[in-house]
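Novice: Residue numbers (my numbering): 73 to 325. What follows is a single structure, and I will ask about it in a moment.
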């Protein structure tokens with residue numbers, strides 16, 4: 073296998089580069105000294121990860137790993153490795169070494185879209201040797217077997233995602249339970265046109281004359297005018313009777 077090395081690396085290694093080279097580039101070219109440390113557990117982004125060896129006998133399983141992407145990987149955490157590069161670079165990275173399940177849909181991973189449940193086949197492993205990921209890529213899951221009376225050849229495990237501590241996840245687009253704008257409601261107009269008076273003893277509908285109309289007012293005035301005419305007629309008749317009596321008295325005299 074042929075490895076292409078940049079010319080600047082060769083010049084720095086040989087020591088005849090015309091320009092002054094920073095010390096961090098010298099360390100990279102000359103292979104920086106790395107220190108490796110392993111740990112049984114690691115806390116990051118609200119997750120607490122345990123290696124399988126450290127957490128296999130505990131009541132909580134914190135060694136399930138999920139890496140989201142176009143191809144989603146599910147696996148079991150085996151080692152937690154911290155790589156440190158001291159010196160001017162002073163870099164540090166945390167890596168997880170995992171055993172992966174087969175990510176092939178339908179064979180190693182299946183998903184029920186109706187209920188939103190994902191299962192992995194515990195009997196199928198990922199054939200390629202790609203065990204390492206960065207700790208920042210990992211999400212925590214828990215693998216739960218299905219209760220069965222009889223053991224089957226294929227063991228499917230249900231994947232349960234673990235929410236990190238201190239984080240609350242919700243929907244970005246909330247579904248409105250009702251419209252934001254309320255339609256205007258017109259005020260009812262009070263009217264006596266359709267009011268029906270019912271006699272509670274007779275229980276029959278009575279005809280009610282609407283006195284609020286113009287005809288009703290006219291009738292009222294007509295009645296008052298009739299009363300005045302009758303009064304004048306009675307006065308005139310009284311005067312005529314008095315005149316007749318006076319005439320009779322004069323004749324007697």
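In this text, a Cβ means the ideal position worked out from N, Cα and C, and glycines have one as well. The model shown is predicted, which means the values in this text are computed figures rather than measured ones.
Below 6 Å CB to CB, which residues in the same chain sit around residue 237 once its five sequence neighbours on both sides are set aside?
Specialist: 118.
Novice: Give the C-beta separation of residue 161 and residue 211 to the nearest angstrom, bearing in mind that I take them to be a contact with Cβ-Cβ under 8 Å.
Specialist: Going by Cβ atoms, the distance from residue 161 to residue 211 rounds to 29 Å, so no, they are not a contact pair.
Novice: Relative to the alpha-carbon of residue 227, which residue among 217, 172 and 202 has its alpha-carbon at the smallest distance?
Specialist: The residue with the shortest Cα to Cα distance from residue 227 is 217.
Novice: How would you write the range of the beta strand (DSSP E) that residue 354 sits in, first residue to last?
Specialist: Since the first residue shown for the chain is 73 and the last is 325, residue 354 is missing from the structure and cannot be characterised.
Novice: How would you label residue 189, buried or exposed, when you count the other beta carbons within 10 angstroms and need 16 or more for buried?
Specialist: When all chains shown are included, residue 189 counts as exposed.
Novice: According to DSSP, residue 154 sits in a beta bridge with which residue or residues?
Specialist: In the DSSP output, where bridge partners are listed per residue, residue 154 has 109 and 166.
Novice: Drop a sphere of 10 angstroms on the beta-carbon of residue 187, count the other beta-carbons inside from all chains shown, and report buried for 16 or more, exposed for fewer.
Specialist: Residue 187 should be labelled exposed.
Novice: Does the beta-carbon of residue 191 have 16 or more other beta-carbons within 10 angstroms, so that it is buried, or is it exposed?
Specialist: Residue 191 comes out buried.
Novice: Could you give the DSSP three-state label for residue 136: helix, strand or coil?
Specialist: Residue 136 falls in the strand class under three-state DSSP.
Novice: Measure from the alpha carbon of residue 177 to the alpha carbon of each residue in 116, 109 and 142, then state which is nearest.
Specialist: The option with the nearest alpha carbon to residue 177 is 142.
Novice: Just curious, the beta strand (DSSP E) that residue 218 is in, first and last residue?
Specialist: From DSSP, residue 218 is part of no beta strand (DSSP E); its letter is neither H nor E.
Novice: Using 10 angstroms around the beta-carbon of residue 293, count the other beta-carbons present and answer buried if the total reaches 16, otherwise exposed.
Specialist: Model confidence at residue 293 stands at a pLDDT of 48, short of 50, so the residue's coordinates are unreliable; what they give is reported in the following sentence. Exposed, since its Cβ has fewer than 16 Cβ neighbours within 10 Å.
Novice: Would you kindly report the start and end of the unbroken alpha helix (DSSP H) that includes residue 233?
Specialist: First-last for residue 233: 228 to 233, but that is the beta strand (DSSP E), not the alpha helix (DSSP H).
Novice: How big is the Cα-Cα spacing for residue 129 and residue 148?
Specialist: If you take the alpha carbons of residue 129 and residue 148, they lie about 15 Å apart.
Novice: Does the Cβ of residue 204 have 16 or more other Cβ atoms within 10 Å, making it buried, or fewer, making it exposed?
Specialist: With fewer than 16 Cβ atoms within 10 Å of its Cβ, residue 204 is classed as exposed.
Novice: Taking C-alpha atoms, which residue in 112, 224, 138 and 206 lies nearest to residue 231?
Specialist: Per the Cα distances, 138.
Novice: Which residue from 233, 229, 111 and 239 puts its Cα closest to that of residue 169?
Specialist: Residue 169 has its Cα closest to that of 111, out of 233, 229, 111 and 239.
Novice: Starting from residue 172, follow its DSSP beta bridges and name the residues at the other end.
Specialist: Partner(s): 147.
Novice: Label residue 180 either buried or exposed according to how many other C-beta atoms from any shown protein chain fall within 10 Å of its C-beta, with 16 as the threshold for buried.
Specialist: Residue 180 is buried by the Cβ-count criterion.
Novice: Of the choices 116, 158, 131 and 135, whose alpha-carbon is the least far from that of residue 123?
Specialist: Selected option, being the one with the closest Cα: 135.
Novice: Could you spell out the range, first to last residue, of the beta strand (DSSP E) harbouring residue 187?
Specialist: From DSSP, residue 187 is part of no beta strand (DSSP E); its letter is neither H nor E.
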